[in-house]
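Going by the working numbering, the letters in the sequence shown line up with residues -10 to 260, in that order. The C-beta atom is built at its ideal place from N, Cα and C for all residues, glycine as well. Here the structure is a predicted model, which is why all the values come from computation and not from measurement. Just below is one structure, and these are the notes that go with it.
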Amino acid sequence: MGQSLRQTIDSLPVRPRIGVVLGSGLGAFAGELSGRMEIPYAEIFGWPQSTAIGHAGKLVLGSLSGVDIAGLAGRAHLYEGYTPRQVGFGVRALGALGVRSFIFTNAAGGINLDYQRGALVLIADHINLQGANPLTGPNDDSLGPRFPDMSEAYSKRYREIAIQAGRELEVELKEGVYAALLGPNYETPAEIRYLRAIGADLVGMSTVPEVIVANHMGAKALAISCVTNMAAGILPQKIDHEEVLETGRMVRDKLVRLLKAVVPRIAAEES
Ligand code: HPA
């Protein structure tokens, strides 16, 4: 059995203020951190192990352009059978470490016909269709309120920062609404038509519980989806996980460049 989260946190030489959560096939950013220290989740008691293919499952600490970062390479999903609370564990752990700003990345299906495979889209808002919420159960008032506001779940200022950085790097960033479903199956074409009708531009199986936990703690969030595939029924082809991972690899450099530009600006914003 590993050490407790508190023991782990107390033993760390850094107090990062920015956390980056890396989605399926999007873990490359962690390799960019200097003075890197990696702690497999398995070594921290209580940390849910991530089982999804393409997810490494480790806490990575290091610095980027002089900014201390805590990265989560691999996340827990509801479809793996974790409780909503377990899915929020990593974000709470980073909060306990001192993180007040989160950058989430994920793989998503594109519903909006303006998107193309490989596009990066900033999540402007979400629709939680997972039928679960990480804040159910007794509320820990020391962390945040029972009924947290979610009217700006994705910081407007952080989105402006990302769009500006993207412009300078010639990385096009659109904005969209992300619908979170439980998974693990990809959607049916009828479900995608329904999601479009209710205002969703992207669909995925993650991020929303983490963003809820971050907002509950009063932390700010930026979330970037990689459109790894067009959603079901849009193209005359099936969706498979290999395509999702392959697109993740295709956009890797673009995403890393964007994150490297965004992180120091967010750090400057919060200093
Ligand atoms: N649907 C749900 N989740 C996803 C998809 C999708 O099409 N692509 C990547 N994650």
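Alpha-carbon to alpha-carbon, residue j and residue i
i, j, result
"Met(-10)", "Arg182", "With a pLDDT of 49 at Met(-10), under the threshold of 50, the predicted position of this residue should be treated as unreliable, though the coordinate-derived value follows. Distance between the alpha carbons of Met(-10) and Arg182: 46 Å."
"Gly8", "Ala179", "36 Å"
"Ile112", "Glu259", "21 Å"
"Thr157", "Ser(-7)", "For the record, residue 157 in the displayed sequence is Glu; it is not Thr. Each residue's Cα considered, the two are about 43 Å apart."
"Lys47", "Ser0", "16 Å"
"Glu235", "Ala96", "11 Å"
"Ala12", "Ile(-2)", "Contrary to the premise, residue 12 reads as Gly rather than Ala in this sequence. Cα to Cα, Gly12 sits roughly 23 Å from Ile(-2)."
"Ile255", "Ser90", "8 Å"
"Arg106", "Lys243", "13 Å"
"Met206", "Thr217", "30 Å"
"Ala85", "Gly79", "10 Å"
"Gln75", "Pro37", "6 Å"
"Met26", "Lys163", "33 Å"
"Tyr68", "Tyr104", "26 Å"
"Phe93", "Gly60", "10 Å"
"Cys215", "Val3", "30 Å"
"Gly193", "Ser54", "31 Å"
"Ile33", "Pro127", "24 Å"
"Leu124", "Arg246", "34 Å"
"Val240", "Ile152", "17 Å"
"Ala154", "Val252", "10 Å"
"Gly51", "Ala82", "16 Å"
"Gly87", "Val49", "15 Å"
"Gly165", "Asp129", "32 Å"
"Ile28", "Asp229", "31 Å"
"Leu184", "Tyr175", "13 Å"
"Thr177", "Val233", "17 Å"
Exposed unless 16 or more other CB atoms sit within 10 angstroms - verdict on residue i
i, result
"Gly35", "exposed"
"Ala169", "buried"
"Ser23", "exposed"
"Thr196", "buried"
"Arg64", "buried"
"Leu248", "buried"
"Arg(-5)", "exposed"
"Gln226", "exposed"
"Ser131", "exposed"
"Arg262", "Past the edges of the chain, shown from -10 to 260, lies residue 262, and the structure says nothing about it."
"Gly99", "buried"
"Ala31", "exposed"
"Asp57", "buried"
"Arg6", "buried"
"Pro173", "exposed"
"Gly70", "exposed"
As assigned by DSSP and simplified to three states, the class of residue i
i, result
"His66", "coil"
"Glu164", "strand"
"Arg279", "Missing from the structure shown is residue 279; the chain here goes from -10 to 260 and no further."
"Ser52", "strand"
"Arg254", "helix"
"Ile150", "helix"
"Glu159", "coil"
"Val10", "strand"
"Asn204", "helix"
"Arg25", "strand"
"Lys145", "helix"
"Asp129", "coil"
"Gln(-8)", "strand"
"Gly237", "helix"
"Ser140", "coil"
"Lys227", "coil"
"Ala221", "coil"
"Ala189", "coil"
"Leu211", "strand"
"Gly60", "strand"
Under 8 Å: do the region 200 to 219 and the region 110 to 120 share three or more Cβ pairs, one atom per stretch? yes
Going residue by residue through the region 77 to 126, where are the continuous alpha helix (DSSP H) segments of at least 4 residues, counting only ones entirely within it? 78 to 86
Would you be able to state if there are at least three C-beta pairs under 8 Å between the region 182 to 191 and the region 128 to 144? no
Any contact between the region 203 to 219 and the region 143 to 162? By contact I mean 3 or more CB pairs, one from each, below 8 Å. yes
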